[in-house]
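The opening residue of the sequence shown carries number 828 in the working numbering; numbering runs sequentially from there. Since the structure comes first, as structure tokens, the remarks are kept for the end.
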Amino acid sequence: MTLWKKAILVLALVLMAPLAQAQQGLSQAKANGLLGERPDGLVEAVATPDAALSALVRTVNEQRMAEYRKIAADTSAPLAAVQARAGRQIIQSLPKGQYFKDAAGRWRKK
828 MTLWKKAILV LALVLMAPLA QAQQGLSQAK ANGLLGERPD GLVEAVATPD
878 AALSALVRTV NEQRMAEYRK IAADTSAPLA AVQARAGRQI IQSLPKGQYF
928 KDAAGRWRKK
């Protein structure tokens, strides 16, 4: 492997670490009832969040929105439709005991 390829691999691994940390933090926060899923495919704090939880919500939602925008552009679908479909799929796949917001904006435990 050339030095250039090694440098790219190291850079990719460094950039992926925050993604893995965010995903792990998301799973843990949802399991602990701190975060819930919204019908628009984004996450939200169930109660008033601390700074770390707010940062996690922001990071996860930024990553999700980037993916939703890409899907919308690739499929010529409206962004809101992509988000709504993702939200339905995420909520349907939630494990029992985790929170989601219903259509009226109330938190529900699955």
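In this text, a Cβ means the ideal position worked out from N, Cα and C, and glycines have one as well.
* Simplified DSSP state of leucine 921, which is helix, strand or coil -> The residue given as residue 921 occupies position 94 in the sequence shown. Looking at leucine 921 - three-state DSSP - the assignment turns out to be coil, as it is neither helix nor strand.
* Which of helix, strand or coil DSSP assigns to glycine 860 -> On the sequence shown, position 33 is the one that residue 860 refers to. Glycine 860: coil per DSSP, three-state reduction.
* Considering only residues of the same chain and omitting the five flanking positions on each side of isoleucine 898, which have a CB-CB separation below 6 Å? -> In the sequence shown, the residue the question calls residue 898 occupies position 71. Taken in chain order, the residues that qualify are Val909.
* Could you check the C-alpha separation between proline 866 and alanine 907 for me, to the nearest Å? => The residue labelled residue 866 in the question sits at position 39 within the sequence shown. The residue labelled residue 907 in the question sits at position 80 within the sequence shown. Computed Cα separation, rounded: 10 Å.
* **Where glutamine 925 falls, given that 16 or more other Cβ within 10 Å makes a residue buried** => Position 98 of the sequence shown, counted from the first residue, corresponds to residue 925. So glutamine 925 ends up on the buried side.
* According to DSSP, what are the bridge partners of glutamate 871? -> The residue labelled residue 871 in the question sits at position 44 within the sequence shown. According to DSSP, which records beta bridges pairwise, glutamate 871 is partnered with Gly863.
* To which residues of the same chain is leucine 921 closer than 7 Å at the C-beta, ignoring the five residues directly before and after it? -> One-based indexing of the sequence shown puts residue 921 at position 94. So the qualifying residues of the chain are Glu864, Phe927, Lys937.
* Asked: How would you call glycine 914, buried or exposed, if buried means at least 16 neighbouring beta carbons within 10 angstroms?
  -> If you number the sequence shown from 1, residue 914 lands on position 87. That one is buried.
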